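Per our numbering, the sequence shown starts with residue 11, numbered consecutively. Note that CB positions come from ideal geometry on N, CA and C, so glycine has one too. None of these values were measured; they are calculated from a predicted model.
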Amino acid sequence: MTDQTSWRPKLVLASASPRRLALLQQVGVEPDALIPADIDETPNKYELPRGLAARLASTKAKAAAKIATSREDLQDAFVLAADTVVAVGRRILPKCEIVDEAGQCLRLLSGRAHRVYTGITLITPKGAARHRLIESRVRFKRLSTADIDAYLASGEWRGKAGGYAIQGLAGAFVVKLIGSYPSVVGLPLYETIALLSGEGFPTQLLWMNRE
Numbered sequence: 011m012t013d014q015t016s017w018r019p020k021l022v023l024a025s026a027s028p029r030r031l032a033l034l035q036q037v038g039v040e041p042d043a044l045i046p047a048d049i050d051e052t053p054n055k056y057e058l059p060r061g062l063a064a065r066l067a068s069t070k071a072k073a074a075a076k077i078a079t080s081r082e083d084l085q086d087a088f089v090l091a092a093d094t095v096v097a098v099g100r101r102i103l104p105k106c107e108i109v110d111e112a113g114q115c116l117r118l119l120s121g122r123a124h125r126v127y128t129g130i131t132l133i134t135p136k137g138a139a140r141h142r143l144i145e146s147r148v149r150f151k152r153l154s155t156a157d158i159d160a161y162l163a164s165g166e167w168r169g170k171a172g173g174y175a176i177q178g179l180a181g182a183f184v185v186k187l188i189g190s191y192p193s194v195v196g197l198p199l200y201e202t203i204a205l206l207s208g209e210g211f212p213t214q215l216l217w218m219n220r221e
């Protein structure tokens with residue numbers, strides 16, 4: 011993390027995802043702390059994909075904010091959380107941890123369009139919560155058995171919603187994307203910066219103070 015500074019409020023990212031951290035850093039924002047939220051991500055009965063993404067982002071933010079307020083150095087910090095859900099229709103695809111699960115996802119996504127929902131929640135130092143939900147549409151080419159077997163062998167799918175990472179090897183599968191590429195990766199940058207700026211976090215000041 012960068013040195014703490016007195017000229018801006020602090021920011022907590024409620025995630026252990028290296029992708030979300032890298033995306034924030036891409037636009038010149040360096041969190042002062044990472045506080046991953048250990049929550050149950052199981053969908054509720056009849057829960058729709060967009061509702062799940064929004065609920066998990068909110069729950070993660072609240073859990074991280076509770077920890078942050080217990081720390082003297084983070085009591086007045088902004089807390090940012092996000093969650094990404096991949097869905098085919100109303101069917102929510104898992105964050106794959108076993109190879110058979112990832113293979114099922116890839117075969118389902120082959121040659122068809124799916125939707126990626128990313129919910130973001132920002133909790134301000136005053137405790138107000140701001141929410142956004144971003145929907146993107148992604149179409150895969152028709153995947154051959156060789157495509158699927160090679161991708162599974164790469165191991166890149168592990169822990170990824172829908173069993174793939176668009177920023178990696180699976181980028182070769184994408185025929186069309188309508189929406190936000192960084193949102194599909196895990197954090198919609200336009201909406202995130204708009205939320206932070208709208209609540210008084212000086213994102214552009216950070217740009218001017220980059221070394």
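- Which residues mark the beginning and the end of the alpha helix (DSSP H) in which G208 is found? For G208, the enclosing alpha helix (DSSP H) stretches over residues L199 to G208.
- Message: Applying the 10 Å Cβ sphere with the 16-neighbour rule, what's the burial state of D83?
- Response: exposed
- Item | Nearest to V39 (by Cα), restricted to the options E51, L23, L66 and K72 | Closest option to V39, Cα to Cα, is L23.
- Length of the line joining the Cα atoms of P135 and I158: 46 Å
- Measure the alpha-carbon distance for E166 versus R29 and round it to whole angstroms. Linking E166 to R29 through their CA atoms gives a straight-line distance of about 13 Å.
- Item | Spatial neighbours of L187 in its chain, beta-carbon cut-off 6 Å, leaving aside the 5 residues before and after | V148
- Task: Determine the DSSP secondary structure at G113, reduced to helix, strand or coil.
- Result: helix
- Query: Quick one: is E201 buried, meaning 16 or more other Cβ sit within 10 Å of its Cβ, or exposed?
  - Reply: Per the 10 Å Cβ criterion, buried.
- Item | CA-to-CA distance, S193 to T94, given in whole angstroms | 8 Å
- Message: With distance defined between alpha-carbon atoms, name the residue in R117, Y127, M218 and S25 nearest to G173.
- Response: Nearest to G173 by alpha-carbon distance, out of R117, Y127, M218 and S25, is R117.
- Query: Whose CA, out of L33, S25, A26 and T52, lies closest to the CA of V6?
  - Reply: Because the chain here runs from 11 to 221, residue 6 falls outside it and cannot be looked at.
- Proximity below 7 Å, CB of T128 to CB of A92: Yes, Cβ-Cβ distance for T128 and A92 is below 7 Å.
- By the 10 Å Cβ neighbour count, where 16 or more other Cβ atoms means buried, how is R65 classified, buried or exposed? buried
- Query: Leaving out five residues before and five after E111 in sequence, what residues of the same chain have Cβ atoms less than 8 Å from its Cβ?
  - Reply: Cβ neighbours of E111 beyond the five flanking positions: P104 and G173.
- Minimum C-alpha distance to C106 - residue among V98, C115 and L31: C115
- Where the beta strand (DSSP E) containing K70 begins and where it ends: Per DSSP, K70 belongs to no beta strand (DSSP E); it is in the alpha helix (DSSP H), P59 to T79.
- Query: If you count every other CB in all the chains shown that lies within 10 Å of the CB of V126, and 16 or more means buried, which is it?
  - Reply: By the 16-neighbour rule on beta-carbons within 10 angstroms, V126 is buried.
- Where does T155 sit, in a helix, a strand or coil, going by DSSP? helix
- Item | A67 vs V89 beta-carbon contact at 7 Å | A67 is not a Cβ neighbour of V89, given a cutoff of 7 Å.
- Going by alpha carbons, who is nearest to T52 out of I45, G189 and T69? T69
- Specify, as a first and last residue, the run of the beta strand (DSSP E) that S146 falls within. Per DSSP, S146 is one residue of the beta strand (DSSP E) stretching across A139 to F150.
- Message: For a test of the three-state rule: what should DSSP assign to A24, helix, strand or coil?
- Response: coil
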